[in-house]
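S.K.: To start, I am sharing the structure in question, which I have written as structure tokens.
Chains as they are written, first to last, in my numbering: chain S, 1322 to 1689; chain B, 1375 to 1902.
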């Protein structure tokens, strides 16, 4: 751990900003290499993500997923646990959401179904995270290894269920039947339409509000309850937690369950919202992006919202970019996203020592 | 005792090590402030000071763990830039840490070779190292079986392996950090023989310690540190224990605690035939019997690592009872009890941890969060109304609570939002003690009450403990500072190798008698 201290604004704003800029500089180099104009590419990405109604809708739709998975990673991280399994927990959580919706969509409207679907999804996601959590706490299996493996197990299980169990008889594609219209979440364009504001249609739905509620929940839970207090104590200093009489094993399992439950909310956005059915691989990497989001957002809900917006914009703007410039393929967009993850996640602390030196020098000069 | 200075001393005029103006700051704390130090070739140089005086920081800077904020280091007259341990080794500085840096399941030879293999081929390296090792053993009289598994060796021999490791890497300056803390008296003597040989061979030794008698026994020169500064340098033959002690604490040592005679009442904590074996199978506590009565302070004296830490853990409910049983304020606790530290707190046991950085507080927490550790479930910190029913804590109540404690115990700065790590040791300790004393514990366990605590705070802490005693609590103090145990406690038990080897009233105790008991090994047990 570094002994030096930086001003807070450097830590939470300047460093992430520098990292994003560095990622874009390298990405620009790649775009130059394939013979395109990087400024034009940036322009297309920005316009694609924020330039018009539909683009904004898509950006926020991706953002919703990243908030859920980012929060999931962050809450585990506060307990010193590295939950790589958001992908699988979201996938299984979506199954929970789907099963509840498919069972009751004939009888209940969406607003009555939603609490049940949230409960069922969170339960499924929490169960999927419970097993690695239990193994970590009581058997000493490393959580990183087990959660990664559980992603693959979840994936295989879902393929099996969709191909053999949930598929509509006679259908070709491995997906469940559609959820009845009155049981799916209203799209944002429908909500706005109802109050007379016309916006373009996009998969963005009311689960964005659920994401924001989850942010408030996580903030209250981590910093304003004794459970959050215990979780942070375990993360900072497990010995001190034991000294205080905290049942660290039980807290580890509990934290993982909450983490899995949060990741599962991706299922609300996708299954009950955007897709209106259970499809293959609807998580589409959001679980992994959540790790970068949590790292970049400093495991704080506000930071996670900002980071989620950035990644949402990257996904939407990137899609636009590959559409507009044919030489920039979908894969190259993945490269750009990868660079941002690399610089903001894996290399998050790369520029820190340099900045520390600069600020140390500046403060010394001030004292003189 | 003091061997003649080697003949070639005059030829090499430059000192082995010269530190000039070293400063290092951690947050608000100046760990080192403009420190100068010169060590001649073939000199054993003691550095003494209280815990937290900055000795370890200074050595960490010399060995490259920390970079100094300012100042310079010269080795044999040449300015060097030591950024990490490899740089330090390259200029001939070796360090033997208090806690050995050895791979337990490697052989001695492998440990010595690790990281300094001379050849790409392992077999070649092994044979070369074996040759070099036997040459070193002969030269310095450091006999160790190179093929023994390090973890099986007694502590004294493991330390020898550490010294060999440093010498193998070409160390001409050897830093020993509290080398005798874990050694038996015989092993200390053997270590001193080794140090004498090293001195004769021209190796400089820096001995970090807070034990005055050792400094007087072995060193040529002594430097005294206090509160981050170098306050004095003395030639050992020209100084005395009294002078050094005075220099260390900055005034005449008058560790006298104002207290009336104890008036012990009923037994509050009864330890009956308790033995405890750690997960590695080492028996740490052997048939301990101990009574704590209301209105008395009982001190546990002993060389650290003789079971005191384990005893505290057991009595605080952190480690489970295995054999024997406890009677804690009327509740029987044995191997079948499922009680944790929290249950013990509810029974009325307060516990000031020996090592507050590892246990007693969370450095990253704000002071107000550290101040509720162990009591976070209390209704006193809950929000009122619906929010409280939902489990929310009241931020303002937690802050107010901390403000109250800070005012009562004069914690400075009185800022509940300041990070715990940014308080000085004394203020951290005052906060921890305030927290544990707040709930009027029937039994208070205190580990190292004044470790890394400044003089002013020591007096205050002692006074608070005596007041708690007079209010009818039973207090157990574990301390490695004999003077503290003798002046603060009413009754003293001595621990050695996991046993209680002696017990006496503190007015009958003197350092010599305690020291003799602390050195008792299991083969020569006596009781008083």
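The beta carbon of each residue, even a glycine, is placed where N, CA and C say it ideally should be.
1) Are the CB atoms of residue 1691(B) and residue 1815(B) nearer to each other than 8 angstroms?
2) For the alpha helix (DSSP H) holding residue 1452(B), just list the boundary residues, first then last.
3) 8 angstroms is my cut-off, CB to CB: does residue 1498(S) come that close to chain B?
4) Grouping DSSP H, G and I as helix and E and B as strand, with all else coil, what is residue 1457(B)?
5) Report yes if the CB atom of residue 1466(B) is closer than 8 angstroms to the CB atom of residue 1544(B), and no otherwise.
6) Counting only C-beta atoms, is residue 1615(S) closer than 8 angstroms to chain B at any point?
7) Can you list, in chain order, the residues of its chain whose CB lies under 7 angstroms from that of residue 1388(B), leaving out five sequence neighbours each side?
8) Within its chain, find whatever has a CB closer than 6 angstroms to the CB of residue 1405(B); leave out the 5 residues flanking it on each side and keep chain order.
9) For the candidate residues 1553(S), 1637(S), 1606(S), whose alpha-carbon lies nearest to that of residue 1740(B)?
10) Quick check: the Cα distance between residue 1322(S) and residue 1676(B), rounded to an integer number of angstroms?
11) Determine, using beta carbons only, whether residue 1536(B) and residue 1470(B) come nearer to each other than 8 angstroms.
12) Mind checking whether the beta-carbon of residue 1758(B) lies closer than 7 angstroms to any heavy atom of the ligand HEM?
13) What residue range is occupied by the uninterrupted beta strand (DSSP E) comprising residue 1870(B)?
14) Evaluate residue 1595(B) with the Cβ neighbour count: other Cβ atoms within 10 Å of its Cβ, from every protein chain shown; 16 or more gives buried, anything less gives exposed.
15) Just to confirm, is the Cβ distance from residue 1507(B) to residue 1542(B) under 8 angstroms?
16) Taking a Cβ distance cut-off of 8 angstroms, strictly less, list which residues of the region 1540–1561 of chain S are near chain B, in chain order.
17) By DSSP, does residue 1441(B) sit in helix, in strand, or in coil?
18) Just how far apart, CA to CA, sit residue 1520(S) and residue 1636(S)?
19) Within its chain, find whatever has a CB closer than 8 angstroms to the CB of residue 1373(S); leave out the 5 residues flanking it on each side and keep chain order.
20) Apart from the five residues just before and just after residue 1337(S), which ones in its own chain have a Cβ nearer than 6 angstroms to its Cβ?
21) Would you say residue 1565(S) reaches chain B, if we count a Cβ-Cβ gap shorter than 8 angstroms as a contact?
22) Measuring only between beta-carbons, confirm whether residue 1568(S) sits less than 8 angstroms from chain B.
23) Would you please verify whether the beta carbon of residue 1739(B) is less than 8 angstroms from any beta carbon of chain S?
24) Alpha carbon to alpha carbon, what distance is there between residue 1773(B) and residue 1791(B)?
25) Using only the alpha-carbon positions, how far apart do residue 1351(S) and residue 1367(S) sit?
26) If you measure between the beta carbons of residue 1410(B) and residue 1604(B), is that distance less than 8 angstroms?
27) Going by other Cβ atoms of all chains shown within 10 Å of its Cβ, with 16 needed for buried, is residue 1463(S) buried or exposed?
28) Can you look up residue 1626(B) in the DSSP assignment and give me helix, strand or coil?
29) So, under 8 angstroms CB-CB, residue 1323(B) and residue 1819(B) are touching, yes? Tell me the CB distance rounded to an integer number of Å.
30) Output yes if chain S places a C-beta closer than 8 angstroms to the C-beta of residue 1429(B); else output no.
31) Runs of 4 residues minimum, wholly inside the region 1660–1745 of chain B: which ones carry the alpha helix (DSSP H) assignment?
32) Answer with yes or no whether the minimum CB distance from residue 1719(B) to chain S is below 8 angstroms.
33) Please list the segments of the beta strand (DSSP E) lying wholly inside the region 1512–1580 of chain B, counting only runs of 3 or more residues, in order along the chain.
34) So what does residue 1644(B) bridge to, in DSSP terms?
35) Would you verify that the beta carbon of residue 1442(B) is, or is not, closer than 8 angstroms to some beta carbon of chain S?
36) Using a Cβ cut-off of 8 angstroms, which residues of the region 1758–1782 of chain B contact any Cβ in chain S, in chain order?
M.R.: In this structure, then:
1) No, Cβ-Cβ distance for residue 1691(B) and residue 1815(B) is not below 8 angstroms.
2) From DSSP, residue 1452(B) is part of no alpha helix (DSSP H) but of the beta strand (DSSP E) over 1452–1454.
3) With 8 angstroms as the cut-off, residue 1498(S) does not count as an interface residue toward chain B.
4) coil
5) yes
6) no
7) 1450, 1451
8) Excluding sequence neighbours, residue 1405(B) sits near 1398, 1428, 1431, 1602.
9) 1553(S)
10) Caution is warranted here: a pLDDT of 35 is assigned to residue 1322(S), below 50, making its placement in the model unreliable, and no coordinate value can be reported.
11) yes
12) In terms of ligand content, the structure shown is empty, and the ligand HEM therefore cannot be addressed.
13) 1865–1870
14) Residue 1595(B) should be labelled buried.
15) The answer is yes: Cβ separation under 8 angstroms.
16) 1541, 1545, 1546, 1547, 1548, 1550, 1551, 1553, 1554, 1557, 1558, 1560, 1561
17) In the structure shown, residue 1441(B) sits in coil (DSSP, three-state: anything other than H, G, I, E or B).
18) The straight-line gap from Cα to Cα measures roughly 21 angstroms.
19) 1521
20) 1617
21) yes
22) yes
23) yes
24) 8 angstroms
25) Rounded to the nearest angstrom, the gap between the Cα atoms of residue 1351(S) and residue 1367(S) is 18 angstroms.
26) yes
27) exposed
28) With a pLDDT of only 49 at residue 1626(B), under 50, the local geometry of the prediction cannot be trusted, and the value read off the model is given with reservation. Reduced to three states, the DSSP call for residue 1626(B) is coil.
29) With chain B covering only 1375 through 1902, there is no way to say anything about residue 1323(B).
30) no
31) Qualifying alpha helix (DSSP H) stretches, in chain order: 1682–1689, 1715–1721, 1741–1744.
32) Between residue 1719(B) and chain S, the shortest Cβ-Cβ separation is below 8 angstroms.
33) 1547–1551
34) 1665(B), 1701(B)
35) no
36) 1765, 1766, 1767, 1769
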